Structures are given as C-alpha cells and as structure tokens.
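Residue numbers (the numbering used here): 5 to 116.
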C-alpha cells in the first residue's frame, strides 16, 4: 500500500510508467486521481510533461520520494480536492503547495 514507507509495487509501477512514456511519448501533460496523482507528480518532477492535473491527490511516502514535497515546481497545474470530507485533504493541499503556477479548485464530494 501507499500509506507507509514501503510502497509495495512502486518500483515496478514507476518502471512501467517510464516504459510507456518512452514508447508512446512525448506527452504534453498528465492527469491523475488519488495514487495516480502521486504517479503523475513523479512525471512532472522528472520533466516528462509540461503540465499536470491532480484530483484528490495522495502522496507517496517512500523515502526516495519524500524530498519531492520540499520542491517548488513552475510547471502549470490544476489541483482539485475536497478540503473538508476527503480523508487525504492534507496530502492534496501539500502537493498543490509545491506548484508555484498551480490553480486550486475545491468541491464537497469527498475523495472523488
């Protein structure tokens, strides 16, 4: 799972994502929901895309990715989450705060 420092399957998932980008890219942007938003953020960090859209983002707690959230990105982005009813609202806000050019949009529908 993604809740602890041992993000099970992370290495394999990142490798698969990188292979898809290598084979089918380049891509202009990326969209991700929940754990997919964490993966999308990794593409932004790697400079593989020019924008990101993140819905109800969670963060990866693996040690190799914790440094990311101290970074400041200039990549255009949009961040959409529920600041009241989403159990991961703090993580979504933490990711949004890393983007200088990020737009923030809120809803009241929970983790959707």
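Backbone N, C-alpha and C fix where the C-beta goes; we use that ideal spot for every residue, glycine too. Because the structure is a prediction, the values reported are computed rather than measured.
(message) Quick check on residue 114: does DSSP put it in helix, strand or coil?
(response) coil
(request) Would you check if the distance between the CB atom of residue 96 and the CB atom of residue 61 is smaller than 8 Å? (result) Going by C-beta atoms, residue 96 is nearer than 8 Å to residue 61.
(message) Please state the DSSP three-state secondary structure of residue 50.
(response) Reduced to three states, the DSSP call for residue 50 is coil.
(request) Tell whether a beta-carbon distance below 8 Å holds between residue 41 and residue 59. (result) Contact check for residue 41 against residue 59 passes: the beta carbons are separated by less than 8 Å.
(request) Going by DSSP, name the residue or residues bridged to residue 108. (result) 83
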